[in-house]
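Going line by line, the protein sequences match chains A and B.
Going from the first sequence to the working numbering is simple: count from 1 and add 462.
Going from the second sequence to the working numbering is simple: count from 1 and add 1423.
Idealized CB from N, CA, C, for every residue including glycine.
Some notes on the structure that comes next.
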Amino acid sequence: MSVLVNKNSKVIVQGFTGSEGSFHASQMIEYGTNVVGGVTPGKGGTTHLDCPVFNTVQEAVNQVKADTSIIFVPPAFAADAIMEAADAGIKVIICITEGIPVKDMVIAKEYIKGKDCRLIGPNCPGVITPEETKVGIMPGFVFKKGKVGVVSKSGTLTYEAADQVVKAGMGVSTAIGIGGDPIIGTSTKEAVELLMNDPETEAIVMIGEIGGTYEADAARWIQANGNKKPVVGFIAGQTAPAGRRMGHAGAIIGGKDDTAAAKMKIMRECGLYVVESPAEIGAMVAKVLGGKVSA
Amino acid sequence: MNLHEYQAKQVLKSFGVAIQEGIVAENPNQAHAAAIKLKDQFGSDFVVVKAQIHAGGRGKGTIMGKEQRGVAVAKNADKAKEIASNILGGTLVTIQTGPKGKLVSKVLIAQDVYYPGSSQTKEFYMSVMLDRTVSKNVIIYSTEGGMDIEHVAETTPHLIHKEHVDPRVGLQAFQARKIAFNLGLSGEAHKQMVKFVQALYKAYESTDSAMFEINPVLKTSDDKIIAVDAKVSLDDNGLVRHPDYAALRDTSEEDPTEVEAGEHNLNYVKLDGNVGCMVNGAGLAMATMDIIKLSGGEPANFLDVGGGANATTVEAGFRIILKDPNVKAILINIFGGIVRCDRVAQGVVDAYNNIGNIPVPIIVRLQGTNAAEAKKLIDESGLKVYSAIQLKEAAELVRKVLG
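Here it is in structure tokens:
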């Protein structure tokens, strides 16, 4: 079991023939992801990386039964690509694009509300269910199959956490990179909820950063639902100054409630296993799971 | 991207938002001429001289070494000239600038809007921003204008109102009316406030803004509603659609090293610590800063070199970090995914050799694709570079070099 994506996911790539889309599509195919085609308006009917190219997402859904999409479309057109995927009936939409104007995302987020789909990202590394499918840009070899779910706002920090988990002798069920923008499709709490309900996930690593209330919301939900599985938490940016944007568009301390210290305090109070140092994530997961998990 | 008050007001005015009028001056003579011109236009001898810097608290801030506030009323053109000569070229220290303050190179000579008339003047607060919790824009407003809104929020939260805007239909007329009623207005002032709110929101949407803060919004004694101050922050991701606004950027307001880093496509934020760092990915970069702190140092910067860490970006990163004299050590932390660690390691060696003697110890932590080869390459380079693979080892090395 896993969440969001598995070996049966039929994946299309929006922005298929561009340089980013091409590179990562070939990496995904190499990993074993079932890429059934791609979309580049105006190039429909051609073939790219041995896969059919379609003009619209609707064509891809109709002809190759795509149910998952990964978006590499440039920022100015990416919100449109999200809405096109939702309209065509894609169930899991993963938007990698960084730099989408907030104004566009306000509209796209509203548009997909009530539609039968889930948006991950934008500005995220994607989702991986190790040894089944990779719908993202992460280095696949870092992730070994196992029972620890990972939820993170950050790309390389997700790889870091997965690597520590694997080096500590465990593995990953599904890793979800939710993205570092102020508006994202799936919140920390929603991603944690998916993993809580996944029978094969036995522990969860939740990595956040300064800015916004997602981690605090997730922590409160975890506690309200009885701390069913141990959650190891880390918040990046304990040393970040207030009011400065730290790389990610959403990583900015706006008040006294969205500092790393404030978030970590709430997480601790809600019964999460919070680590001060990002170097301790793997060790803490091993500790909370004790000898419980073998793979 | 932040705008100066004088720029922000012109942008707002172009969308029909009523503003306190003014003229920018770069020297005392221009300030004098501006005050005369405003007198001709509005009939009052009084003007306000306002320092133009990207920081709040100007009215309470003072010019370093002088008894001069950053915002001051002048009773005539000669006085405006005198105040302008005190402010221009001076360093204004406010609660938001920190003790170093900011150099003032422009002042706004603004019309006096607190003239007496048939009714009392009244100040309000209004801002427009994204409410991240609901992914919708929100207009925040209060009857308590002209003061520190965070203080109002803490002491009298019931005096702060919020009006969310439905992205599907935009701001509706009833919402603007509700805001005007909640602000206690009636008659002509009410009508003007409705117009003000609608124009303000239209400006926010049309400019791809990230934040508007108008404090105060003033009801004049003759029932006009105008923006007396204006803080406008544009969404950096939207600037590509607005080259005219992008051209308003004032790089003299930014840290010169940050501007230079931007030219190399490096995301750099200057901090006050003693250990520089260079990392791929924003989240890992923040985490690396935290590691530095936990190892007994203080981060000197945030620096995300992005996905394509190579010899050119590493060298640019080194040069930028080394401009900071406080840096006593540098930690490079790269998690190589698509990027191969041995290539990054070669980049570090090449950059080191190109720069020549780097006077501070360097710790390179390379993990991921080809990490072992990378460590070997660093260890055999003969350079004064410590290598690590595990994050924990890197943390211990930071502690060691700081002694």
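Flag Ser1810(B) as yes if its beta-carbon sits less than 9 Å from any beta-carbon of chain A, otherwise no.
Chain A contact via Cβ: absent.
What first and last residue would you give for the beta strand (DSSP E) that runs through Cys1700(B)?
Residues 1698–1702.
If we ignore side chains and look at the alpha-carbon of each, how far apart do Met1712(B) and Gly717(A) end up?
Going by the C-alpha atoms only, they are around 20 Å apart.
Should Pro1590(B) be labelled buried (16 or more other beta-carbon atoms within 10 Å of its own) or exposed?
With 16 or more Cβ atoms within 10 Å of its Cβ, Pro1590(B) is classed as buried.
Among Met726(A), Ser471(A), Gly483(A), Val501(A), which residue has its Cα nearest to the Cα of Gly494(A)?
Ranking the options by Cα distance to Gly494(A), first place goes to Ser471(A).
Whose C-alpha, out of His1613(B), Ile1744(B), Ala1454(B), Val1783(B), is nearest the C-alpha of Lys1529(B)?
Distance from the Cα of Lys1529(B) is smallest, within the candidate group His1613(B), Ile1744(B), Ala1454(B), Val1783(B), for Ala1454(B).
Where does Ser1675(B) land, buried or exposed, given buried means 16+ other C-beta within 10 angstroms?
Ser1675(B) is exposed by the Cβ-count criterion.
Please name the residues in the segment 1442–1459 of chain B whose beta-carbon is closer than 8 Å to at least one beta-carbon of chain A, in chain order.
Contact annotation: in the segment 1442–1459 of chain B, no residue has its CB less than 8 Å from a CB in chain A.
Where the alpha helix (DSSP H) containing Val519(A) begins and where it ends
Annotation: the continuous alpha helix (DSSP H) that includes Val519(A) extends over 519–526.
Within 7 Å of chain B by C-beta, residues of the segment 739–753 of chain A in sequence order
Of all residues in the segment 739–753 of chain A, Ser739, Pro740, Ala741 have a Cβ within less than 7 Å of some Cβ in chain B.
Should Gly631(A) be labelled buried (16 or more other beta-carbon atoms within 10 Å of its own) or exposed?
With fewer than 16 neighbouring CB atoms inside 10 Å of its own CB, Gly631(A) falls in the exposed class.
Cβ neighbour criterion (16 or more within 10 Å) applied to Thr508(A):
Exposed, by the Cβ-count rule.
Contact with chain A by Val1818(B), beta-carbon distance below 9 Å
According to the sequence shown, residue 1818(B) is Ala rather than Val. Look at Ala1818(B): its C-beta is under 9 Å from a C-beta on chain A.
Which one of Gly1593(B), Glu1686(B), Ile1715(B) has the shortest CA to CA distance from Arg1822(B)?
It is Ile1715(B).
Can you tell me where the beta strand (DSSP E) holding Glu1567(B) begins and where it ends?
Bounds of any beta strand (DSSP E) do not take in Glu1567(B), whose DSSP letter is neither H nor E.
For Pro536(A), which of Pro584(A), Gln685(A), Lys749(A) has the nearest alpha-carbon?
Of the listed residues, the one whose Cα sits closest to Pro536(A) is Pro584(A).
Within the segment 1743–1788 of chain B, ranges of the beta strand (DSSP E) (whole runs, at least 3 residues)
Listed in chain order, the beta strand (DSSP E) elements of length 3 or more contained wholly in the segment 1743–1788 of chain B are 1752–1759.
Contact defined as beta carbons within less than 8 Å: I believe Thr1517(B) pairs with Gly1479(B). What is the distance between those atoms, to the nearest angstrom?
Contact flag correct, Cβ pair sits at about 7 Å.
What does Ser1827(B) reach in chain A if we use C-beta pairs closer than 8 Å?
A question about residue 1827(B) goes unanswered here, because the residues of chain B that appear run from 1424 up to 1826.
Between which residues of its own chain and Ser756(A) is the CB-CB distance below 8 Å, once the five residues before and five after are set aside?
Residue placement at Ser756(A) is poorly supported in this model, since its pLDDT is 43, which falls under 50; the coordinates still yield a value, given next. Around Ser756(A): no qualifying Cβ.
Just to confirm before moving on: does the CB-CB distance between Asp1645(B) and Ser1541(B) stay below 9 Å?
Yes, they are a contact pair.
Close beta carbons around Ile1459(B), own chain, < 8 Å, minus the five adjacent residues each side
Ala1500, listed in sequence order.
Who are the Cβ neighbours of Asn1509(B) in its own chain at under 7 Å, not counting the five residues just before and after it?
Counting only residues of its own chain and dropping the five nearest sequence neighbours on each side, Asn1509(B) has a CB closer than 7 Å to the CB of Ile1486, Lys1489, Gln1491.
Please tell me whether Asp542(A) has its Cβ less than 9 Å away from any Cβ of chain B.
Not a single C-beta of chain B is nearer than 9 Å to the C-beta of Asp542(A).
In angstroms with no decimal places, state the Cα-to-Cα distance between Ala1653(B) and Ile1637(B).
Each residue's CA atom was taken as its position, placing Ala1653(B) and Ile1637(B) some 5 Å apart.
Close beta carbons around Ala1817(B), own chain, < 8 Å, minus the five adjacent residues each side:
Result list for Ala1817(B): Ile1714, Leu1754, Asn1756, Ile1786, Arg1788, Ala1811, in chain order.
What's the C-alpha gap between Ala548(A) and Met1570(B)?
Roughly 45 Å separates the two Cα atoms.
Does the count of Cβ pairs from the segment 1548–1567 of chain B and the segment 518–537 of chain A closer than 8 Å reach three?
No, the segment 1548–1567 of chain B is not in contact with the segment 518–537 of chain A.
Segment limits, beta strand (DSSP E) that includes Glu1636(B)
It spans 1632–1642 - the beta strand (DSSP E) in which Glu1636(B) sits, taken as one unbroken run.
Enumerate in chain order the residues of its own chain whose CB-to-CB distance from Gly1699(B) is below 6 Å, with the five nearest sequence positions on each side excluded.
The residues are Ala1723, Asn1724, Ile1744, Val1750, Ile1753.
Would you say Ser1550(B) reaches chain A, if we count a Cβ-Cβ gap shorter than 9 Å as a contact?
Chain A, which has no Cβ nearer than 9 Å to the Cβ of Ser1550(B), makes this no.
Three Cβ pairs or more, each shorter than 8 Å: is that satisfied between the segment 665–672 of chain A and the segment 1679–1691 of chain B?
Between the segment 665–672 of chain A and the segment 1679–1691 of chain B, the count of C-beta pairs closer than 8 Å stays below three; the two stretches do not touch.
Rounded to a whole number of angstroms, what is the C-alpha to C-alpha distance between Arg707(A) and Thr620(A)?
Spanning the two alpha carbons is a distance of roughly 20 Å.
Measure the C-alpha to C-alpha separation of Gly647(A) and Ile582(A) and round it to an integer number of angstroms.
Using only the alpha carbons, I get a separation of about 5 Å.
Establish whether the CB of Lys727(A) and some CB of chain D are separated by less than 9 Å.
Structure shown: chain D not included; protein chains present are A and B.
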